[in-house]
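Working notes, structure below.
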């Protein structure tokens, strides 16, 4: 979620000045409720997507309330039970939800202490809190959250006048804490939405057409196994049965009996760059600066290309829905339950109050994947089977080929240094599809099956958030280096043959790599060390310089080659220009294929609520980025995406995973900046830099496969 | 057709039906949640179980094929009260993010340590090669397997 982009503003009078998501929902009881049993329920609108957010939010609440963390029960988000915090995305959950919970807890604590102090006839300031019990200086208890749970009304708006603890007073926020969700996951406990089993639940599988644009002209009759039945709605086909294996066997038979008229709608993959250039686009200025610039002495210009990418969640998207008495309840692993509800309202024609959406954890989520789409599938099937819960599980092929994809793009950069070896001018032109097709933001729904029902909806073409909201395709396209003349522009495509949306890092995957490559090429042109060259342009951004210096020290920069075909590269970026700083060094070995053997990472994300969780996220992002850099590309023919299996869309395996060392630096009392995404762009850029160190080739197209590297040599 | 086997040390049986894989049987009538569906094509490792001690995918294996065999799943490794050393080590190393891949990885790691109590890093990576972890927690998992191996060897000596 980003503030400038569809943020649901609250009704509260104080709202504009309140921190984090308290702006959207200022009422304290919407964030926390104490129970007489000695626990507190905390209700964030952000959701667990594998990143460990529940643990960090529990730490924040426990710290601010001075209670044992075991007393905190984080309730899963639901409509209307939790605040509308938009989407769990953009590495913003601590900034938005965590800060809201911190301030809401601080105010709740103050309200409780005020009551206890009045009763005890002392000033609130002399009381302290020990695991939820309010004590006088002599140690006598004068109340507790639990005893006062029914008396202190939190049905009030936050006032924003109770400062939370200072950083030095925190005792658990900032400490490495074991994740609350992990024990269930190592013991195989039913915890994921995939494990939800409701009484009388039916199982459904979707039968997708052989092409994106297809009309079902005939469905031959024939026997089906067990109690399987077919649901047809326009060009949408679903199979329903009381057992999973029956639904799967029946789906295979029905797929073979369906005859479709298909139409070519995808570009020629071999001409992808030409298609991007020829497609009508909406131009916009991203950044421009026209300070007086010295004359150019050396110019570098280059074009960088990235392919469509898949999310590749390890667990296919899943949803359960139950339709009853004109209302529907949906269990989903969506990142944004209110946004999903808004699109369900449009497609199903129900009032929002008649749609209840409940979040249940799914497998790892790295952006806008099929979670929202499958929720509509489940609701559509459930409508035809009122009273029965219906579970829809996508196939691996649907997950890889029919989920939204991260869009292909081009970045053309021309940059120059003056006679003194300082950047004097920088121009970037970006072209590609937008990075958001998230639901709930447009008149028409973005959900997959909405375009196949009768009458069909038309997907809105993917958009990009403005830079103030982090941007989409233009994310990280404005270099963090000082340059007097700057011109960054973007051309967002107005046709969308492949449904495009947000994947971890968004435009930063391409733009950090392109920017860092050009910086290195300029440094090389003037015979300077690339780290020293970068540092000379980072005087305005000391925290960027600090992570770069740190990672240079970690890897022993400049590193001598460890043998033929081995080289080390380096890169740095501040995510979104407003988030965490991250520098990465990558040792690359180029033989028949390129491998990344080792990564060194220095990051500054401000306050780290759970430092071990931050390190886990930074490393995980870097490993996913290694996979993206070296292996990943969505392939397609004119009809459809063809990378619909792990064989066709390989990702990094255990034998290919680099050793990773992560170091967190920077001020721990600075505002938290998010940890999920800062490492991806710099990792891709550092691997490209390492390839140049190993082979003398500057990669120009992702992924850095032998074919793409050979093309870069020509 | 009734198919009988031993599941985590206990006799079990299911009524096999058309299209029923071992994974369907485990997650359906047998009521387990540890073995997970990831691809249905034996390509990701989420559904791994042991069959007579050998790790293998269950998502494409017809349930009839395991008649009379000894099956093991993550539920058979340990419990929160009595965790397998690997489960304790994965928690100690915080080796996971979304955790969806963990059931299969723990099954393969347990089979590795049963045959090789002191695997080097190459051996650990090789044993876990069939398993995808999209969140990027592999290095923590490798450390966790080594931690468990050390503790199991120490326990065997003591």
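Protein chains in written order, with the working numbering: chain A, 1 to 714; chain B, 1 to 158. Don't be surprised by glycine CBs; every beta carbon is placed ideally from N, CA and C.
Within-7 Å CB hit, residue i to chain B
i              : result
residue 225(A) : yes
residue 618(A) : no
residue 653(A) : yes
residue 702(A) : no
residue 646(A) : yes
residue 363(A) : yes
residue 576(A) : no
residue 312(A) : yes
residue 46(A)  : no
residue 185(A) : yes
residue 288(A) : no
residue 381(A) : no
residue 372(A) : no
residue 660(A) : yes
residue 612(A) : yes
residue 315(A) : yes
Check: residue i C-beta below 6 Å from any heavy atom of the ligand FAD
i             : result
residue 81(A) : What this structure holds is no ligand at all, so the ligand FAD is not there to describe.
Residues that residue i contacts on chain B, provided the C-beta gap is smaller than 8 Å
i              : result
residue 308(A) : None at all; the shortest Cβ gap to chain B is about 17 Å.
residue 245(A) : 17, 18, 19, 20, 21, 24, 28
residue 393(A) : 37
Cβ of residue i within 7 Å of any chain A Cβ
i              : result
residue 80(B)  : yes
residue 102(B) : yes
residue 47(B)  : no
residue 43(B)  : yes
residue 144(B) : no
residue 59(B)  : no
residue 8(B)   : no
residue 129(B) : yes
residue 69(B)  : no
Integer Cβ distance of residue i from residue j, believed to fall under 8 Å
i              : j              : result
residue 26(A)  : residue 110(A) : In fact, because the Cβ distance is near 15 Å, the residues do not count as touching under 8 Å.
residue 358(A) : residue 78(A)  : 4 Å
residue 273(A) : residue 430(A) : 13 Å between Cβ atoms; not a contact.
residue 210(A) : residue 260(A) : 6 Å
residue 207(A) : residue 239(A) : 7 Å
residue 698(A) : residue 521(A) : 7 Å
residue 379(A) : residue 330(A) : 6 Å
residue 94(A)  : residue 298(A) : About 42 Å; that fails the 8 Å criterion.
residue 6(B)   : residue 71(B)  : 7 Å
residue 583(A) : residue 547(A) : 4 Å
residue 665(A) : residue 550(A) : 5 Å
Chain B residues whose Cβ lies nearer than 7 Å to that of residue i
i              : result
residue 248(A) : 19
residue 182(A) : 91, 94, 96, 99
residue 70(A)  : Near residue 70(A) there are no residues of chain B at all, since even the closest Cβ is about 14 Å away, more than 7 Å.
Beta-carbon proximity of residue i to residue j, cut-off 7 Å
i              : j              : result
residue 45(B)  : residue 130(B) : yes
residue 630(A) : residue 704(A) : yes
residue 508(A) : residue 531(A) : no
residue 54(A)  : residue 42(A)  : no
residue 654(A) : residue 138(B) : yes
residue 461(A) : residue 494(A) : yes
residue 386(A) : residue 323(A) : yes
residue 50(A)  : residue 97(B)  : yes
residue 377(A) : residue 360(A) : no
Cross-chain neighbours of residue i in chain B, by beta carbon under 9 Å
i              : result
residue 622(A) : 136
residue 51(A)  : 97, 98, 135
Residues that residue i contacts on chain A, provided the C-beta gap is smaller than 8 Å
i             : result
residue 73(B) : 188
residue 5(B)  : Per Cβ cutoff of 8 Å: no residues; residue 5(B) is ~17 Å from chain A at best.
residue 56(B) : By Cβ distance, chain A contributes nothing, its closest Cβ being about 17 Å from residue 56(B), past 8 Å.
residue 2(B)  : Chain A residues near residue 2(B): none, gap ~16 Å exceeds 8 Å.
Chain C contact residues for residue i, given Cβ-Cβ distances below 7 Å
i              : result
residue 195(A) : Protein chains A and B are contained in the structure displayed, whereas chain C is not.
Contact set between residue i and chain A, taken where Cβ atoms lie within less than 7 Å
i              : result
residue 116(B) : Those within 7 Å of residue 116(B) in chain A number zero; the least Cβ separation is about 16 Å.
Which residue spans inside the segment 23 to 71 of chain A form an unbroken alpha helix (DSSP H) run of at least 4? 53 to 65
Runs of beta strand (DSSP E) lying entirely within the segment 70 to 156 of chain A, each at least 3 residues, in chain order: 72 to 74, 128 to 130, 133 to 135, 141 to 144
Segments of 4+ residues assigned as alpha helix (DSSP H) that fall wholly inside the segment 105 to 149 of chain B: Here the runs fully enclosed are 121 to 128.
Runs of alpha helix (DSSP H) wholly within the segment 168 to 194 of chain A (minimum 4 residues, chain order): 182 to 186
Of all the alpha helix (DSSP H) runs that stay within the bounds of the segment 586 to 666 of chain A, which reach a length of 4 or more residues? Segments of the alpha helix (DSSP H) lying fully in the segment 586 to 666 of chain A: 611 to 630.
Which complete beta strand (DSSP E) runs does the segment 230 to 265 of chain A hold, if anything under 3 residues is left out? 236 to 241, 258 to 263
Completely contained alpha helix (DSSP H) runs for the segment 398 to 441 of chain A, where each covers 4 or more residues: Fully enclosed alpha helix (DSSP H) runs of 4 or longer: not present.
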